[in-house]
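In the UniProt record's numbering, the protein residues as written are 2 to 268. Where is the CB? At the ideal position from N, CA and C, for every residue including glycine. Here the structure is a predicted model, which is why all the values come from computation and not from measurement. These notes are about the structure you will find just below.
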Ligand code: ADP
Ligand code: MG
């Protein structure tokens, strides 16, 4: 594009998988950090009531009076909730436990599936990427994320049941596409927690590539203890230990995503 970056709408990617513990939050934090390190201006929206992305980025629970919950119920604009993190160019709109009740609170509103989209549209040109960390469920929060997103990024853990639930997720994406958000696509599948010492991990990679073809990113995120330690310090792994294999994998994933974006934009 010939427009200056500040005048273009952000690319909105939702990290979704209704299974818990597959690496959605870890990927939101560390892909966000890696994109910011490359020079992108990144906003993470924490849409999980657990608030692990907020905690992992060092946002104190007492500093979350303005949150994605207050955006969805209409108390604050998204801009009012945004906080800087210790990572330059990486900001976050944090979440609170209130978010678990929001579904009932907005259930009867006609625009209940569009609340997040409207909020994201109000942002202007301050960010080049918005990453939405979804809860482990295909509930109204995830539907809001899919309605607000340009594309879905699906973390899949390299374990025996990796593909279980993927058909349901794809079906939901198709439903949102026909009813709420015609531009929605699946950006890619990122295999996480790969264990090179385990034959099963390699088998899962083969199966997922067979099933999803080139939707699967080349980059595979290894299981790495540094990745799991970093959140307890309120830091992304790239700040905790830049040289570890986990940090290096997230940097490669960020480059691959930017590359895929260039191809999509040129098309
Ligand atoms: P989700 O958001 O999908 O529930 P998380 O990102 O919270 O999943 O990851 C689940 C658990 O696995 C967390 O304890 C996290 O620290 C750990 N984890 C995620 N990715 C890795 C990795 N590459 N190596 C080691 N541990 C990981
Ligand atoms: Mg999570």
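Residue i by DSSP, collapsed to three states: which one?
i	result
residue 23	coil
residue 74	coil
residue 110	coil
residue 234	helix
residue 1	Within the shown structure, residues of the chain are numbered from 2 to 268, placing residue 1 beyond reach of any answer.
residue 47	strand
residue 84	strand
residue 193	strand
residue 91	strand
residue 186	strand
residue 140	coil
residue 9	coil
residue 165	coil
residue 128	coil
residue 203	helix
residue 97	coil
residue 171	helix
residue 60	coil
residue 263	helix
residue 244	coil
Would you decide whether residue i is buried or exposed? Buried here means 16 or more other CB atoms lie within 10 Å of its CB.
i	result
residue 165	exposed
residue 129	buried
residue 251	buried
residue 149	buried
residue 214	exposed
residue 68	buried
residue 70	buried
residue 105	exposed
residue 225	buried
residue 205	buried
residue 172	exposed
residue 264	exposed
residue 6	With a pLDDT of 48 at residue 6, under the threshold of 50, the modelled position of that residue is not reliable, and the figure given next carries that caveat. Classification of residue 6: exposed, given that the 10 Å Cβ count is below 16.
residue 109	exposed
Is residue i near the ligand FMN, going by C-beta to nearest heavy atom under 7 Å?
i	result
residue 51	Here the bound small molecules are the ligand ADP and the ligand MG; the ligand FMN is not part of this structure.
Near residue i, which residues of its chain fall below 7 Å by C-beta distance, leaving aside the five closest residues on each side in sequence?
i	result
residue 227	238, 241, 242, 245 and 247
residue 209	157, 163, 164, 190, 192 and 217
residue 42	90, 127, 128 and 129
residue 16	25, 28, 29, 132, 133, 134, 135, 154 and 156
residue 115	148
residue 257	218, 219 and 220
Got a sec? Which residues, its chain only, sit under 8 Å from residue i by beta carbon, not counting five neighbours each side?
i	result
residue 80	123 and 124
residue 177	144, 147, 148 and 185
residue 118	145, 148, 149 and 182
Who does residue i pair with in a DSSP beta bridge?
i	result
residue 16	134 and 154
residue 115	Looking at the DSSP assignment, residue 115 forms no beta bridge with any residue, so it has no partner.
residue 223	195
residue 217	190
Apart from the five residues just before and just after residue i, which ones in its own chain have a Cβ nearer than 6 Å to its Cβ?
i	result
residue 44	92, 128 and 131
residue 155	18 and 190
residue 136	49 and 142
residue 221	192 and 195
So, is the C-beta of residue i closer than 8 Å to a C-beta in chain D?
i	result
residue 184	Absent from the structure is chain D; it holds one protein chain and no more.
Would you mind giving the Cβ-Cβ distance between residue i and residue j, rounded to the nearest angstrom? I have them listed as a contact below 8 Å.
i	j	result
residue 96	residue 19	With 8 Å as the limit, residue 96 and residue 19 do not qualify as a contact, their Cβ atoms being about 17 Å apart.
residue 49	residue 134	6 Å
residue 229	residue 159	Wrong, their Cβ atoms sit about 15 Å apart, outside the cutoff.
residue 232	residue 57	4 Å
residue 47	residue 54	4 Å
residue 268	residue 32	With 8 Å as the limit, residue 268 and residue 32 do not qualify as a contact, their Cβ atoms being about 22 Å apart.
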